[in-house]
Structures are given as structure tokens and as C-alpha cells.
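Worksheet: the structure to be examined is printed underneath.
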Amino acid sequence: MKLDKKFIEFCSNKKLEINPNQIEIINTLKNFQNINFDRSFLNSFFKKSSKLGFYLHGDVGVGKTMILDFFFKQLEIKKLKVHFNEFMISFHDFMFENDKKDKAIGIFVKDLKDKAKILFFDEFQVTNIVDAMILGRLFEKIFEKKICVLFSSNIKINDLYKDGLQRDQFLPFLKILKENSIEKELSINEDYRINKKDILNRFLSPINETTNFKLNKFFRELTKNKKNNPKNLNIKGRELLIENFYEGIAKFRFNELCDRNLGAEDYLQISNCCNFILIEGLPDFNEDNSNQQQRFITLIDIIYEKKIPILISSANSLNDLNSSGSLAKIFKRTISRLHELTSIKIQTT
């Protein structure tokens with residue numbers, strides 16, 4: 003069965019409305035199908051195009067991940083889907099441990115090609131200067147090795163790392179990405195994450211006696227017959243203590259997670275040992291706490307990738323959360339993900 007027909011059947015089974023824009027994306031992607039990646043496939047890849055990347059951007063919840071996930075599962079080749087934060091952590095670890103610094107990127111990419119002929123970075127974004135400065139050299143090698151890459155993002159290529167520190171040094175990466183990728187926009191007037199979920203019952207607002215009572219009652223019921231064993235995480239010589247840890251159920255104050263100088267690697271380690279996370283005291287965001295907001299965005303990205311259910315108490319309701327100006331577009335994705343994470347079924351055993 004052809005890819006577009008498979009997709010129509012997939013949408014029918016999921017009871018999803020099919021949009022012409024989605025079919026256009028599928029028709030572009032189907033040139034990947036049945037390609038022999040071990041031979042020179044440039045003539046067949048995207049027909050007359052020699053581009054190795056496919057960059058799909060669009061607003062929150064329009065189905066970018068759904069389409070690329072569907073397509074990715076059709077490919078019977080060595081492939082790797084990875085959260086971009088995890089990928090960059092593994093890359094920086096490799097660079098730190100490798101003695102041949104001048105050749106380390108090439109060695110990393112060679113090892114990467116042994117594992118996968120195509121990569122999928124879901125919800126691609128660049129938020130820190132360390133990643134921004136190295137991405138040009140890294141992806142130059144990735145494309146040199148003829149590794150195909152799928153990207154989904156809320157941000158079009160030209161707006162990546164917009165207003166970031168030393169962005170002029172990031173521009174070579176944008177040039178490489180644009181030269182090597184087909185860029186498409188997916189536009190649908192519906193957020194699938196919100197519409198397919200039940201009424202929220204684990205996002206409590208505003209912060210007052212009533213919501214505090216509900217939060218503590220929920221937590222007591224969830225941890226009944228469980229003992230608090232504070233967990234100490236060692237992250238490259240740094241210690242991170244989870245004070246309230248009940249057999250995989252963790253309770254944090256917002257400032258524990260986001261006021262401190264924590265990053266993706268810390269949040270990844272936390273998520274690896276938790277199957278439910280409770281966060282107290284989410285503030286409203288503005289220009290004065292944009293650093294905390296950026297950490298919160300990174301935290302939710304990682305929790306979402308791991309599909310860990312959460313409970314949050316917040317100053318504002320979920321749909322009324324404010325944002326700092328520079329993070330407003332990215333934060334729409336966070337809000338959409340919070341809809342899902344506060345609704346998915348809890349499994350704590």
C-alpha cells in the first residue's frame with residue numbers, strides 16, 4: 003500500500019480529520035520510501051533535490067510529530083529518533099572524553115552513521131550558546147556523511163536561536179541547514195493534544211488554601227503506604243538531592259527546579275528515576291523571570307519525551323499563563339504539552 007493511502011487509513015483509524023496540507027507533506031516524504039540508503043540515493047531523494055534534511059515547522063499541536071512519527075515507522079532501515087537535548091548531552095560528553103579534540107566531531111559522526119542512516123529530531127530548537135556555537139561544525143559533518151535528518155519544530159529555520167547571545171556565530175549553521183534541507187510548514191486550525199484529552203484535573207490554580215488542600219490530598223493518596231527515601235543524584239560530580247522521593251514519585255517546589263542553575267542533563271537524570279512528578283508554585287512568567295521560564299520549558303520538554311504524568315499548582319490557569327516576550331512562541335508548545343501531561347493516566351507501580 004502506498005504511503006499516502008496508509009496515512010489516510012491511519013487517520014481514519016485514529017478518527018483524525020485529514021487536512022490537504024498533511025497530504026502534501028506525506029507526498030513530499032514518500033520519496034524516502036523504499037530507498038536503498040546504502041547506494042547513492044541523491045537522485046531519488048526528493049526527486050531532483052540532493053537535500054538530505056526535511057524540516058517541518060508549524061504551530062503547536064498541528065500534528066507535526068504525528069506525521070513524522072507515522073512516516074518514520076515506515077522506514078525499514080537503521081534509524082534513530084532522539085530528543086535534541088539528549089543528543090547534545092551525549093555529544094558534549096563524547097567531546098569531553100575524547101582525547102583527539104580536532105578529530106572528535108568526525109569520530110562522533112562516523113559512530114553515529116554506524117547506528118543510523120536517518121535521524122529524527124522532534125521539536126528541534128536551540129536555546130543555549132554552547133550548542134549554538136558547535137552546531138554548524140557538527141551538522142556539516144552529519145550531511146557530509148550523507149546521514150538523512152528529519153526535524154520537527156515550532157520555529158522556522160530563519161528564526162532559530164532568534165535574539166540569542168552571539169547569534170552571528172550561529173548563522174553558519176542556519177546556512178548549512180537551509181542548503182541541505184527542504185523546509186515545509188504544516189498549518190491546521192486545531193491542537194490535537196488539547197482536543198483529544200479529558201478535562202484537566204491535575205493543573206490546580208490559583209495558589210490558595212483550596213488548591214493547596216487538593217494538592218496535598220492528592221499527594222497523600224498517591225504515596226499511601228510508600229516511604230520517603232530522599233534520592234541523591236550524582237551528575238558529573240555534582241550532587242542533586244530530591245528531598246521528597248516516594249518510590250518514583252517526586253515532589254518539588256518550582257524554585258527547586260528552575261531558580262537554580264540546572265540544565266537539560268539535570269532534568270534528564272531526574273526524569274530517569276521518576277514515574278510521577280508534582281511541582282508546587284508555578285509562577286506567572288515575564289521578563290524578570292525569563293531564565294526560570296527557559297529552564298521550565300526545558301524541563302517540560304524532557305518530561306514530555308518520557309511521558310511522565312505530572313501535577314502542578316500554579317498562580318494562573320493553564321490557558322492564562324503569561325510569558326516573557328522572547329519565549330512566547332516556544333511557550334505555546336509548553337502549554338500544549340502541559341495539557342497532555344496533566345491528563346495522561348498515572349502509572350506508579
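For the sequence shown, the residue numbers in this note's numbering are 3 to 351.
Heads up, the beta-carbon is just placed ideally off N, CA and C, and yes, glycines get one too.
Using a Cβ-Cβ distance cut-off of 8 Å, the segment 262-272 and the segment 224-241 are in contact, since at least three pairs of beta carbons, one from each stretch, lie closer than that value.
Its chain contains N182, S183, I184 as the residues whose beta carbon lies nearer than 6 Å to that of K53, once the 5 sequence neighbours on both sides are disregarded; these appear in chain order. In terms of CA proximity to K117, K80 leads the group I312, D104, K80. Every unbroken stretch of the beta strand (DSSP E) spanning 3 or more residues and falling wholly within the segment 205-258 is given here in chain order: 233-237, 240-244, 246-248, 251-255. Membership of D303 in any beta strand (DSSP E) is not indicated; the residue belongs instead to the alpha helix (DSSP H) covering 292-308. Boundaries around G60 are those of the beta strand (DSSP E), 55-60, since no alpha helix (DSSP H) includes it. The Cβ atoms of L58 and S154 sit closer than 7 Å to each other. In the structure shown, V132 adopts helical secondary structure according to DSSP, grouped into three states. For E245 and A317, the gap between their C-alpha atoms comes out near 23 Å.
Following the DSSP letters along the chain, one finds V111 inside the alpha helix (DSSP H) bounded by residues 106-117.
CA-to-CA, the gap between N100 and I136 works out to about 16 Å.
Per DSSP, the unbroken alpha helix (DSSP H) holding E11 starts and ends at 5-15. Its chain contains F86, F153 as the residues whose beta carbon lies nearer than 6 Å to that of F123, once the 5 sequence neighbours on both sides are disregarded; these appear in chain order. For S155, the enclosing beta strand (DSSP E) begins and ends at 150-155. Counted as a single uninterrupted DSSP element, the beta strand (DSSP E) harbouring E282 occupies residues 278-284. If you draw a straight line from the Cα of K4 to the Cα of F256, it is about 48 Å long. Contact check for I314 against F278 fails: the beta carbons are separated by 7 Å or more. K81 is bridged by DSSP to I120.
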